[in-house]
Structure formats: C-alpha cells, structure tokens
Amino acid sequence: MGSVRYTPRERTLYRRKLQENLETFDTYLQKADFESKGTIGLELELNLIDADGAPSLRNVEIMDAVDDADVQSEIGAYNVELNMPVSRVRDAGLKRLEHGIDERLRKLRTAAQSLDVAPVSIGTLPTVTTELLEDESWITPENRYRALSTAVVEARGEYVGIDLSREDHYAHEFADLAPESTCTSMQLHLQVAPNRFADAWNASQAIAGVQIAMAANSPLFLGHRLWHESRIPIFAQSIDTRTPELVHQGVRPRVWFGERWITSVFDLFEENVQYFPPLLPETREASGRPILTENGTPYLHELNLHNGTVWRWNRPIYSPGKRSAHVRLENRILPAGPTPVDMAADAAFYYGLIAYLVRENRPVWSRMTFTEAQENFENGARDGIGARLTWPRYGTLDVTELVLETLAPQARAGLEELEVDEDVIDEYIGIYEARARTGRNGAWWQRKALDALAGRSPVGSDERNRALRTLTLRYAENQRSGDPVHTWEVPAQG
224 MGSVRYTPRE RTLYRRKLQE NLETFDTYLQ KADFESKGTI GLELELNLID ADGAPSLRNV
284 EIMDAVDDAD VQSEIGAYNV ELNMPVSRVR DAGLKRLEHG IDERLRKLRT AAQSLDVAPV
344 SIGTLPTVTT ELLEDESWIT PENRYRALST AVVEARGEYV GIDLSREDHY AHEFADLAPE
404 STCTSMQLHL QVAPNRFADA WNASQAIAGV QIAMAANSPL FLGHRLWHES RIPIFAQSID
464 TRTPELVHQG VRPRVWFGER WITSVFDLFE ENVQYFPPLL PETREASGRP ILTENGTPYL
524 HELNLHNGTV WRWNRPIYSP GKRSAHVRLE NRILPAGPTP VDMAADAAFY YGLIAYLVRE
584 NRPVWSRMTF TEAQENFENG ARDGIGARLT WPRYGTLDVT ELVLETLAPQ ARAGLEELEV
644 DEDVIDEYIG IYEARARTGR NGAWWQRKAL DALAGRSPVG SDERNRALRT LTLRYAENQR
704 SGDPVHTWEV PAQG
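Per this note's numbering, the sequence shown starts with residue 224, numbered consecutively.
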C-alpha cells in the first residue's frame, strides 16, 4: 500500500475500475471453470506479552527472530498472525491442523523467548490499557496500517467511539483505529464451488450465534467486564465509518452481518460495491499488478481490495489461483484460542456442521428468518455459553442444549460424510460436547478467574490491575499445557 491519502482523481478512477471488475466477475462466474476441492485453511492472530503479562510492542523483532513466511504482522505492534497451509478435512486432516498450530506456536514461542516475550492466543488481551491505545506506538509501523486507520477516521470525520456495557461500562473516544488491534481471531477458510457457495454462506450465517456462544473468549476489554465475546461489538465500533446521523438513516456498517439470505456468491460482491464507498482506492496500475495471471484468470485487483475493506463476519474471497480461480468462504467469527485442541474442535464443529446443513432437503435457512440469525449472533456474543438462541422446531433454548441434542450429532454426521477418521471425530466433537455439558469456555474461565483474583474491586484499582496480569499469565500457562479449556482449574480466591 503506497499512499496514506488519495486524491479525488484517484478515487474517481478507482470507482470506475471497481464497477468494471464487478462486471468481469459476473461474466467469469457464468463461463469459467473454478477449482472445487473443498480444501480448508486457517489464520490465527496472536498477542505478545512480556514477563508481567503486559502487551509487548515487539512484533517486528519477533518476526525477524522467527524468520518464517507463515508469521506475519498485524495492525497492532503487539500482534502477529500465523498462517496455516491449505489442507483437507478428510482422514486425519483436522488432527494435522491441530499439530500444525501447535508446532507453529512452539516455534514462535522459542523465538520470542530470546526477547523475553511470549505469544498468547486469546480473543482480547486482558492487560491492554486505554493509555497504550492512545500512544502512537500501538500501531505496526507499516504504511498499509496507517492508510487504513487514516481512511476509516477520515470517512467518519470524527473520533472512533467505543461504548459497551455489561457488569462494567466502558466509553471512550480514540483518534485512530487503535481499539481494533485488541480483536484477535481465528479465521477458518473453506473452498467452495461457486454454485454451492450460497448454501455454505447461508448455513454459516445460520450457525454464527452458536459458534460465538460456544467459543467466546473475549470477556475483558481494557480491564472491564463486558460481553462474553466483546471482540464482536468492539471490532464493529472500531471500524464504523458512519456518524450517528448516518446510523439513524440506516446506512450499513462496514463490519456487517448482512441483511438477507443469498442465492449466489455474486450477491455479496455486488452488495459490497453498491453499498460501501471505497476506503483504499489504489488502482491495479498503482499496485503494479497485471490484468491476468499467467494462466489467464483475471486478478480483479480493485474488486478484491475493496472486498477486503468490508468486514463481513462470513466473507467471500475470490482468488485467481495458480492453476485456475477459486472462491472460498472466510469464517471470521471465532476468537483466537484457548489451545490448539480447542481450536481444532471449533474447526471440526464448523466444517462438519456446514457439510451436514448444506445437504438437508429443507435447509435451516429456509426455516428461520435472517433477523433470527442476526439476533442469535448478538445474543451469543453478549451471553456466551449461557446464551439462549432461537432454532427451527425448538423455539428459544439454551445453546448448550441445542448443541448436545441436535448440532453436535449433525456435525458428527457431516464429518463422517467428509470421510474424517472416526477417532478424530470422537476426540474433537467430544471436546465440543464436554464444553457444552460443563458450561465452560474461555470467557467463562476468564470471568471466574477475575472474580477469584480480584473479587469486586473497581476498574482501574491496583487490585484489579494485578489480577488482570496474574490472570493473563495463568491463562498463558494453561495454554502451554495444551489441555482443553473446559478442564482448566479456576485460580484460588484472592
């Protein structure tokens, strides 16, 4: 990303090229052969902490030390991202995925140890402070991150406002995108044939509330007890380019659940172009990218760049590929952590359940409204594993009951259809079911740990701040053990 700001001429040219890209994509979808192998992928965002559990702003040094192309920067100077190679679900693919996460975490941990830093996989790092986010050092010193932050603030024309309540209330205005850096996630990828994409996306939207409730791991934001998965509303508020007036007018947010079931992957790209002004209008020529790949597939540079600045929780991805183009679904709902086996269990549940739901004669999205799916998502983020969700035939019920009685068995059946080894299915869906039976996930553990360590000490007190540091170090220790989160012991009182 070469520029931090763009001229009216650049924006006008980009808009025209964006529309041309959309038309090219429409034609290409109708005529071209796309890859359809059902491969999977995973991206994992991490936090870096020092020996006291506080954020460590040393991601550039860590990346130099580890010297691995699979480790990349993120917007926060205390964040890095791990990228897993493309793989398959069948046989022991999910077990290989778990081992791959574990191996990369160990390698990163070893490199970071020489700098007295440790990586932690968690939705929101409890020890981040308002003061850190107001210091310019929070951001990774790369133009693309400054350009994004500048674009969001300039589009809004005002400071970035964060306002969220539960047991505590947090409200503050930031001069840039700093709160977004607290939101670290695990993103699952699924390659889907274009003619099956709509079914996979609709199914993913339908189960979003279940996913976030069962995997919630972000209950503490800047020392405050907020939603079980505060990352969801914090991310949405961080990248909201709308003023209050535009919100009241019904202008759509850039962090978006969506508003309807779809019939084609094209629907999503078309909505992105129709509803959202370009944030980073860098043309293909400015980037130096050719029109076509060596195999003759279009890059669609402007369309892909624009698509990356609309943060759907289930995002469509177009890739020109090395041999032929493909589309994939990027499931962006899950927080990072707690352990590799927990994350593999979350992946197994997602891939298995999607495989089952897309084959139903009367699919779930034809039996529930889109509004119900969105309300489930919000309820799951707010209440976590204690959430009550709405589901066809059942009405409103506890998410744990829905998982144990219906969705976990369906995920098992889906994994069997995908030819996953029986012992792999038993292990991961077994962990997911144990999480539901015990009512314990990452958010539950963090909230209980803070209660034990700090009682009801007020926000900002020395007692709570010490407890947050201790909690973070205990969490990191438990994570290194590799034991699933539902087995973690809560620290002793005080």
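Every residue, glycine too, gets a C-beta built ideally from N, C-alpha and C.
Counting only the same chain and skipping the five closest in sequence on each side, list residues whose C-beta sits under 6 Å from that of residue i.
| i | result |
| --- | --- |
| Gly-198 | This structure gives no information on residue 198, because the portion of the chain shown stretches from 224 to 717. |
| Ala-666 | Ala-439, Asn-440, Pro-442, His-451, Gly-607 |
| Arg-535 | Trp-479 |
| Pro-456 | Leu-387 |
| Ser-372 | Asp-399, Leu-400 |
| Pro-513 | none |
Is it the case that the Cβ atoms of residue i and residue j are separated by a distance below 8 Å?
| i | j | result |
| --- | --- | --- |
| Asp-463 | Arg-379 | yes |
| Leu-523 | Asn-244 | yes |
| Gly-261 | Trp-361 | no |
| Ala-334 | Ile-285 | yes |
| Thr-350 | Pro-278 | yes |
| Thr-562 | Asp-706 | yes |
| Asn-302 | Ser-461 | no |
| Arg-483 | Phe-499 | no |
| Ser-427 | Leu-552 | yes |
| His-726 | Gly-264 | Nothing can be reported for residue 726: it is not among the residues displayed for the chain, which extend from 224 to 717. |
| Ala-274 | Ser-337 | no |
| Leu-612 | Leu-627 | no |
| Leu-673 | Pro-501 | no |
| Leu-638 | Gly-683 | no |
| Asp-293 | Leu-280 | no |
| Thr-623 | Ala-568 | no |
Does DSSP put residue i in a helix, a strand or coil?
| i | result |
| --- | --- |
| Asn-637 | For the record, residue 637 in the displayed sequence is Gly; it is not Asn. Helix. |
| Phe-444 | strand |
| Ser-589 | helix |
| Val-470 | helix |
| Met-224 | Confidence is the limiting factor: at Met-224 the pLDDT is only 49, short of 50, which leaves the residue's position unreliable, though a coordinate-based value still follows. Looking at Met-224 - three-state DSSP - the assignment turns out to be coil, as it is neither helix nor strand. |
| Gly-262 | This sequence places Thr at residue 262; Gly is not what is there. Coil. |
| Arg-281 | coil |
| Gly-481 | coil |
| Leu-271 | strand |
| Val-205 | The chain is shown only over 224 to 717; residue 205 falls outside these bounds and no answer can be derived. |
| Glu-297 | coil |
| Ser-684 | coil |
| Thr-613 | strand |
| Glu-304 | strand |
| Leu-502 | coil |
| Thr-594 | helix |
| Thr-486 | coil |
| Glu-712 | coil |
| Ser-461 | helix |
| Thr-247 | helix |
| Thr-230 | coil |
| Gly-607 | helix |
| Glu-700 | helix |
| Glu-452 | strand |
| Asp-287 | helix |
| Val-626 | helix |
Spatial neighbours of residue i within its chain, please: CB distance less than 8 Å, with the 5 preceding and 5 following residues excluded, ordered by chain position.
| i | result |
| --- | --- |
| Asn-640 | The question names Asn, yet the displayed sequence has Glu at residue 640. Ala-578, Tyr-579, Arg-582, listed in sequence order. |
| Thr-693 | Gly-276, Leu-676, Pro-714 |
| Ala-699 | Ile-272, Gly-276, Ala-341, Val-343 |
| Phe-492 | Leu-245, Phe-248, Leu-526, Asn-530, Pro-539, Tyr-541 |
| Arg-697 | Ala-672, Pro-714 |
| Asn-282 | Leu-271, Ser-296, Glu-297, Gly-299, Ala-300, Tyr-301, Asn-302, Val-303, Thr-363 |
What does a CB cutoff of less than 7 Å around residue i pick up in its chain, not counting 5 residues either side in sequence?
| i | result |
| --- | --- |
| Met-224 | Because the pLDDT at Met-224 is just 49, under 50, the model does not fix this residue reliably, and the value given afterwards should be weighed accordingly. Correct list, in chain order: Asn-366, Arg-367, Ala-370, Leu-503, Glu-505. |
| Ala-636 | Tyr-579 |
| His-549 | Phe-257, Glu-258, Gln-414, Ser-542 |
| Gln-702 | Val-343, Ser-344, Gly-560, Pro-561, Thr-562 |
| Pro-417 | Leu-252, Phe-257, Val-488, Val-550 |
| Glu-686 | Ala-677, Ser-680 |
| Pro-308 | none |
| Val-474 | Arg-465 |
Measure from the C-beta of residue i to each C-beta in chain C and report whether the shortest distance is under 8 Å.
| i | result |
| --- | --- |
| Asp-391 | Protein chain content of the structure displayed is limited to a single chain, and chain C is not contained in it. |
(message) Quick test of the definition: if touching needs 3 or more C-beta pairs under 8 Å, does the segment 437 to 455 touch the segment 415 to 429?
(response) no
(message) Which runs of the alpha helix (DSSP H) at least 4 residues long sit entirely within the segment 645 to 669? Give them in chain order.
(response) 645 to 661
(message) Which complete beta strand (DSSP E) runs does the segment 357 to 428 hold, if anything under 3 residues is left out?
(response) 383 to 388, 392 to 397, 408 to 415
(message) Extract the residue ranges of the alpha helix (DSSP H) inside the segment 505 to 583, only unbroken runs of 4 or more that lie entirely within it.
(response) 507 to 510, 524 to 530, 563 to 580
(request) Would you mind listing the beta strand (DSSP E) stretches within the segment 316 to 353 that are 3+ residues and don't spill past its ends, in chain order? (result) 341 to 343
(message) Whether or not the segment 639 to 654 and the segment 583 to 591 are in contact is what I'm after, with contact meaning three or more pairs of Cβ atoms, one per stretch, closer than 8 Å; do they touch?
(response) no
(message) Using a Cβ distance threshold of 8 Å, determine whether the segment 467 to 476 contacts the segment 617 to 635, with at least three qualifying pairs required.
(response) no
(message) If contact is defined by three or more beta carbon pairs under 8 Å, each pair taking one atom from either stretch, is the segment 390 to 409 in contact with the segment 591 to 603?
(response) no
(message) Would you call the segment 430 to 437 in contact with the segment 322 to 339, where contact means no fewer than 3 C-beta pairs closer than 8 Å?
(response) no
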